[in-house]
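See structure below.
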Amino acid sequence: CQGYVNAGFSLLDEVMVSIAAREMHDEDMRGRSVCSMLSACERTGDIGRAEYWCRRIEQEPNLQHMLLDAHCRVTYGVVEALRGEWQKAEALLTEGLQADFSVPYHRAVSAGRLAEILIQQGKHQAAAELLKGYEDRFEMVPALARLRMIEGKYDQAGALLRSFIRGLGQDTIRLAPVLALLVEVELLRNDRPEAERAVQHLRSLDERSESNEIRAYARLAAGRLARHECDLKTAVEELETALTLLIHYERPLLRAQIRLELARALCAMNAAGQAIVEAEAALATFRRLGVVIDAAAAEKLLQALASDTQKDDGSNAKHCGRKELPDSPNRLTPRETEVAALVAQGLTNRQIAEHLILSVRTVEGHIDRILGKLDFHTRTQLAMWVGSAQAGDALLSSQPKS
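Residue numbers (my numbering): 287 to 688.
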């Protein structure tokens, strides 16, 4: 849980070897050890190790009863979900939800994980029904937060995730994916400071962890923030590093989500060919897993890229999964126009504040109002709008004379 993955698995492997060699005679301790191993594999994404020990257990009659424990079967179901084997995962988690021997914790975990699978498949109503009556359970928070995101209730989603993070304490492994999701939510809320705090929290976990999965989540979050800030080179570097870290890990959904984010960053850089490669790879995984929302996002991006490639007029960035640009900058005040132009130049809020002799808080307020007026969600969208021919000419003509 503290992120010392190699040391933990070294100890767990010793115990499992002694169980396989029939050197451990305490049945209760054997069961606890198997559950501990599966839980560790689930937390770290070490699917290969989980598969190895599950095969050993399934092949040896004297060990098979260990997978009948409710906790083990629920954890095994979560492992299968991480592998993308959702049919098997649903069967195991449904058992955990319905079994007479399940305790409230196991039922809540099963319901929460099943709800997340249903959400990914686009079955939002079914997920909501599954979560009814469990809203007070800590284990349900990630699924509830995802539902609120889909409903566009980003403030509620952020509040849920922040409360979940507080409850996790120092559980480093479980913190990483939740923090990465929080970064996405905060950017949707246009709350850059909160997103940056979540990224820094992830970086601190990365620094003291041995887990490549945590490192990948940290770089995914940093890549999203960099793209939001129009620092596209950094975004691409962070996301490519995240993919490299997962080369030896069977985490298909996480890899596909990183590739889609990378495709968006490449698209914004006008690297259409590379963006298409990444988007197509992501789409293939989403379709195989039945991830409806992400598949639709990848398809939309590919359609925009195909259209822009045919035009080949250098304007593809504005179509990369973003809303069409407004036809006029007249809704902005002169000061907001100044701030928008500086955002497009890649300046940070602090640099804009120093340039215009304003407070950072005032600049943040201007940017929030600009994004709201133009119905944008990110600084990247704003930068592309400023860079468009029509908006660019209007902005240049409206800039104060020096």
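Positions of the beta carbon are idealized from the N, C-alpha and C atoms, including for glycine.
Since the structure is predicted, the reported quantities are computational estimates derived from the model, not experimental observations.
Just to confirm, is the Cβ distance from residue i to residue j under 8 Å?
i    : j    : result
V649 : V625 : yes
I459 : I500 : yes
L540 : D580 : no
S319 : I305 : yes
A665 : H487 : In the sequence as presented, Ala is not what sits at residue 665; that position holds Arg. No; because the gap between Cβ atoms is not below 8 Å, this pair is not in contact.
M310 : R316 : yes
P538 : L575 : yes
L473 : A466 : no
V629 : G408 : no
Y362 : L378 : yes
V360 : T330 : no
V471 : A502 : no
L591 : A567 : no
E415 : A394 : no
C358 : C321 : yes
Y440 : R475 : yes
A565 : A584 : yes
E437 : I403 : no
L461 : A484 : no
I544 : A528 : yes
I656 : L618 : yes
E622 : G334 : no
For residue i, count neighbouring C-beta atoms within 10 Å of its own C-beta (all shown protein chains included) and say buried if the count is 16 or more, exposed if not.
i    : result
T571 : buried
P463 : buried
E610 : Confidence at E610 is low in this model, with a pLDDT of 37, below 50, so its placement is unreliable and the value that follows should be read with caution. E610 should be labelled exposed.
E366 : buried
G453 : exposed
D517 : buried
R434 : buried
S683 : Only weak support is given to the placement of S683: the predicted model assigns it a pLDDT of 47, under 50, and the value that follows is read from those uncertain coordinates. By the 10 Å Cβ count, S683 comes out exposed.
T530 : exposed
D661 : exposed
D613 : For D613, the predicted model reports a pLDDT of 41, less than 50, meaning its position is unreliable; a value from the coordinates is still stated below. By the 10 Å Cβ count, D613 comes out exposed.
D422 : exposed
G297 : The question names Gly, yet the displayed sequence has Leu at residue 297. L297 is exposed by the Cβ-count criterion.
V303 : exposed
D599 : A caution first: D599 carries a pLDDT of 48, below 50, which makes its placement in the model unreliable, though a value can still be read off. With fewer than 16 other Cβ atoms within 10 Å, it is exposed.
A308 : Note that residue 308 is Arg in the sequence shown here, rather than Ala. By the 10 Å Cβ count, R308 comes out exposed.
Q373 : exposed
S497 : buried
R505 : buried
S495 : buried
G289 : buried
I643 : exposed
A627 : buried
Q456 : exposed
R478 : buried
Q589 : exposed
A293 : exposed
D312 : exposed
G328 : Reading the sequence as shown, one finds Glu at residue 328 and not Gly. E328 comes out buried.
D492 : buried
D332 : buried
R341 : exposed
Q631 : exposed
A703 : It is not possible to answer for residue 703, since the shown part of the chain is limited to 287 through 688.
Which two residues bound the contiguous alpha helix (DSSP H) that contains residue i?
i    : result
K374 : 372 to 384
I643 : Counting along the chain, I643 falls outside any alpha helix (DSSP H), and DSSP gives it neither H nor E.
Q442 : 440 to 454
Y391 : 390 to 406
F572 : 558 to 575
T666 : 665 to 673
I544 : 538 to 554
R621 : 620 to 630
E515 : Unbroken run through E515: none, as it is neither H nor E.
R423 : Careful: R423 lies outside any alpha helix (DSSP H) and carries neither H nor E.
H410 : 410 to 417
L433 : 427 to 436
Exercise. Is the number of C-beta pairs between the segment 429 to 441 and the segment 395 to 408 that are closer than 8 Å three or more?
Worked result: yes
Exercise. For the segment 660 to 675 against the segment 522 to 529, are there 3 or more C-beta pairs whose distance is under 8 Å?
Worked result: no
Problem set entry | Segment contact, 8 Å Cβ cut-off, at least three pairs: the segment 507 to 515 with the segment 547 to 564 | yes
For this session: Please go through the segment 289 to 313 and give each complete alpha helix (DSSP H) segment of 4 or more residues, from N-terminal end onward.
Result: 291 to 306
For this session: List in chain order: all unbroken alpha helix (DSSP H) runs of 4+ residues lying wholly within the segment 455 to 513.
Result: 458 to 474, 478 to 493
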